[in-house]
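In what follows, a single structure is set out as structure tokens and then discussed.
In full-length UniProt numbering, the protein residues as written are 1 to 939.
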């Protein structure tokens, strides 16, 4: 019946778990139907009986079963059939059919394992395992390859065997389910392949962030072999080419081991995918390539050289300027040298750091595409000369400040990332330098290109320096058109070539711009020596010198703008504001906008008054989560905890002045001891102020700079004062914990043994009012009220979306800009759900702060990491103590000087009264000479 009657099967009961191939009761019967003769024989050694039955004429006729005796222990089954070749329009078994049958026998040998012997034409098939079977494919694939594909094998458990190797450009799979060849794969292959592909995707995208690989991209490089046993498998058709059983119904799991996945990493698959990704990205980037042609269009603001792209293109120079004003200066100069060999294109601020940008950012960056088009650059091309370009030289013309240096560096980084060979071409990349200072006396003018050069000249002049008029040129826009023409008349004096010396040049460029070199960049900045600069008298600049002597100044300035000083807790912008407040004796309020202008003028601030106004507002804010002690006074709307200060009014409408307490924290008597800086010829703020408390702990700080970031919580001034008193009494300090003025929630220390420092959990306040009502009366630090209310609204009903699944029925707020008071209405069931999960967790009322990233500049200007607030306090304490001694000495010196002045005055008066000194009708010079002879002290 099983082999000779349709729809007979032992596999119909799905409640019984089986790992066989049959499902519908057709398989063997179809062979019988398409045969002229079909013989079934089986022997049962236990009962010593042998069964034989013959079917004829496509299962239309059958003989009576023949039951005979067999030997004890003789157990076997044999099926013999003669295909009805006419049904297949065949006269004999063709070679491909025989080959298919032979393959099926080999399939059995590879999937049944060592316990079953498989013979073909009387000879045992030499395949004893699934590995042997896979090796047949490997041998065939590698026959024409110099570098053989490797296969990685794992027997995951008694139901799963997996092999993987590389494919050649498209996904390949060989798979079996319960020894059935699933030639189109299915859910079992997807299950295995996705694990491998996900692992590879993560590694590839980490190695090349521009790759943006997806699963299907990686799968096209994989060749996967799977031999699986699946409970009651389901297929897409009777031919059973594709498994459709869902993963959860497999009856077992196939979780690939970490060792297997590590072997996949080392198999060459990663390199293969990376190579393909590079090829794909290069192909896309080539779409934006330029070419050597005489005319290009569609690039706004380009002033193209007349000979660009022509036979003399290698003589042409493209000037890239820092903005439109610099372009105007360059155009004034081009009037001198002519338009035939000079073109100008203005950059819109800073160029993209292509080394760390993703592929989409590069493709979408119009400025980069424009530069490629203007120069005629082709992606991936190696340039030994500039003959193939539209311009033979690229000139950078930026301001002589730190930001100008950064723009130069970004352009060098751009070329080095895509066309490193171009940087080795002599005189390809040049810079145009302009004076940073001009000294004029009569008809004589001296130009200086660095501050150290100017300062040395001024020092050598001594007192006669006052006869010179000094003008500072911070930006190219300061120069007049006449000066621009003069620069280009002496273009040889203003032009400097960048030169490539060796591979160290490329190494230093990567050091400055690659994320992979963060640790090296930190060391680079740590080793910085003040006074470093490039000698502008040299006509050539090595790329390594540019990085180490010029670009490093930008990186240090950026770091100093972002990381505060341990001594006063201030960043340069904040320090300038405090300096101008003290200088102005800022006790009468003024508009923030007006005061920011004053600060800009009197402290040589160069970064825009809007930024300065924002800093002033930040120093005056006093809502929960901002300053514990605000150094400026907020007279007006300076922002609230509702939006974290972003709701401050315009600087034109709000007023400020020094807070009453500020001068008490920064004593005036210390001012004479400070080291004041000098910029643009004017004395400006000191290197740091010396407050009586470490304000960096009082108000905290955070910032991100080149190589480093910092986060320092706020601490209670009373705790700090108490510890200062302990140190004065030579006692140990007591550990301090973060504290924010007005915060009613809790801040609790959590265990953290992995890194130096501590972490704290900051928790708001929520309470149960009744079975359906919750009340929130405090939020975690820096979780602003408006943002939190928006979060709660996302859990509440939306009139516009009736299908929205909600947890809260209603939200009402009765708080103000200072206090939080939010009431929630929920169903009783949801209140219980929230209680079980934890009210604080359910409503996101915790945040984390820590002391694991406390980086500060110490008193010597070196960046340092501090592990505890007590460490900061103790270092500050020693410095403050020294300053008290210095202050005492300075005050005593001044008192003694005042005393001496008074003594001299008294003596002088007595001498006049006693006619020992005659004052009337005498020249001042004669009187001074007599005072010297009488040993009066000069002042």
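Heads up, the beta-carbon is just placed ideally off N, CA and C, and yes, glycines get one too. Treat the numbers as computed from the prediction; the structure is a model and nothing was measured.
To the nearest angstrom, how far is the alpha carbon of residue i from that of residue j?
i: residue 191; j: residue 111; result: 19 angstroms
i: residue 697; j: residue 476; result: 41 angstroms
i: residue 261; j: residue 839; result: 41 angstroms
i: residue 277; j: residue 271; result: 10 angstroms
i: residue 140; j: residue 134; result: 10 angstroms
i: residue 226; j: residue 259; result: 18 angstroms
i: residue 616; j: residue 595; result: 9 angstroms
i: residue 317; j: residue 373; result: 15 angstroms
i: residue 763; j: residue 669; result: 42 angstroms
i: residue 902; j: residue 893; result: 14 angstroms
i: residue 847; j: residue 208; result: 33 angstroms
i: residue 937; j: residue 931; result: 8 angstroms
i: residue 426; j: residue 497; result: 8 angstroms
i: residue 833; j: residue 775; result: 16 angstroms
i: residue 313; j: residue 542; result: 25 angstroms
i: residue 701; j: residue 296; result: 51 angstroms
i: residue 536; j: residue 448; result: 9 angstroms
i: residue 146; j: residue 230; result: Low local confidence applies: a pLDDT of 49 at residue 146 is under 50, so the model's placement there is unreliable, with the coordinate-based value given in what follows. About 38 angstroms.
i: residue 905; j: residue 929; result: 16 angstroms
i: residue 68; j: residue 53; result: 12 angstroms
i: residue 540; j: residue 691; result: 46 angstroms
i: residue 677; j: residue 935; result: 38 angstroms
i: residue 130; j: residue 177; result: 13 angstroms
i: residue 622; j: residue 717; result: 15 angstroms
i: residue 898; j: residue 589; result: 35 angstroms
From the options, pick the residue whose C-alpha is nearest to that of residue i; which is it?
i: residue 222; options: 637, 197, 239 and 208; result: 197
i: residue 591; options: 605, 571, 613 and 583; result: 613
i: residue 420; options: 347, 602 and 501; result: 501
i: residue 628; options: 646, 679, 603 and 569; result: 569
i: residue 555; options: 488, 182 and 401; result: 401
i: residue 193; options: 164, 377 and 168; result: 164
i: residue 772; options: 746, 806, 735 and 831; result: 831
i: residue 274; options: 233, 169, 573 and 935; result: 169
i: residue 600; options: 621, 585, 573 and 623; result: 573
i: residue 264; options: 342, 203, 84 and 907; result: 203
i: residue 858; options: 841, 878 and 851; result: 878
For the beta strand (DSSP E) containing residue i, name the first residue and the last one.
i: residue 521; result: Premise fails: residue 521 lies in the alpha helix (DSSP H), 518-526, not in any beta strand (DSSP E).
i: residue 284; result: No beta strand (DSSP E) contains residue 284, which is instead part of the alpha helix (DSSP H) from 269-286.
i: residue 66; result: 66-69
i: residue 83; result: 76-83
i: residue 498; result: 495-499
i: residue 684; result: 682-686
i: residue 510; result: Segment 503-513 is the alpha helix (DSSP H) holding residue 510; no beta strand (DSSP E) there.
i: residue 471; result: 469-472
i: residue 554; result: Unbroken run through residue 554 is the alpha helix (DSSP H), 552-562; no beta strand (DSSP E).
i: residue 155; result: 152-157
Quick one: give me the first and last residue of the alpha helix (DSSP H) that residue i is part of.
i: residue 43; result: Note, residue 43: premise wrong, no alpha helix (DSSP H); beta strand (DSSP E) at 35-44.
i: residue 831; result: 828-837
i: residue 354; result: Segment: none, residue 354 is in no alpha helix (DSSP H) and carries neither H nor E.
i: residue 585; result: Premise fails: residue 585 is in no alpha helix (DSSP H) and is neither H nor E.
Who pairs with residue i in a beta bridge, going by DSSP?
i: residue 911; result: According to DSSP, residue 911 bridges with nothing at all.
i: residue 823; result: 775 and 812
i: residue 317; result: 342 and 393
i: residue 768; result: 774
i: residue 61; result: 56
i: residue 20; result: Partner(s): none; residue 20 has no beta bridge.
i: residue 186; result: 243
i: residue 382; result: Looking at the DSSP assignment, residue 382 forms no beta bridge with any residue, so it has no partner.
i: residue 124; result: 119
For chain B, is any of its Cβ atoms less than 8 angstroms away from the one on residue i?
i: residue 253; result: No chain B appears in the structure shown, which is made up of a single protein chain.
>> Report the start-end ranges of each alpha helix (DSSP H) in the segment 594-675 that is 4 residues or longer and not cut off at the edges.
In response: 609-620 and 662-665
>> Give the list of continuous beta strand (DSSP E) stretches no shorter than 3 residues that lie fully inside the segment 391-450.
In response: 393-397, 429-432, 437-441 and 444-448
> At what residue ranges does the segment 849-891 contain a whole run of the beta strand (DSSP E), taking only runs of 3 or more?
Replying inline: 854-857 and 863-866
> Where in the segment 193-242 do unbroken runs of the beta strand (DSSP E), each at least 3 residues long, occur, reported from the N-terminal end onward?
Replying inline: 222-228
> In chain order, which continuous runs of the alpha helix (DSSP H) of length 4 or greater are located wholly inside the segment 713-749?
Replying inline: 717-728
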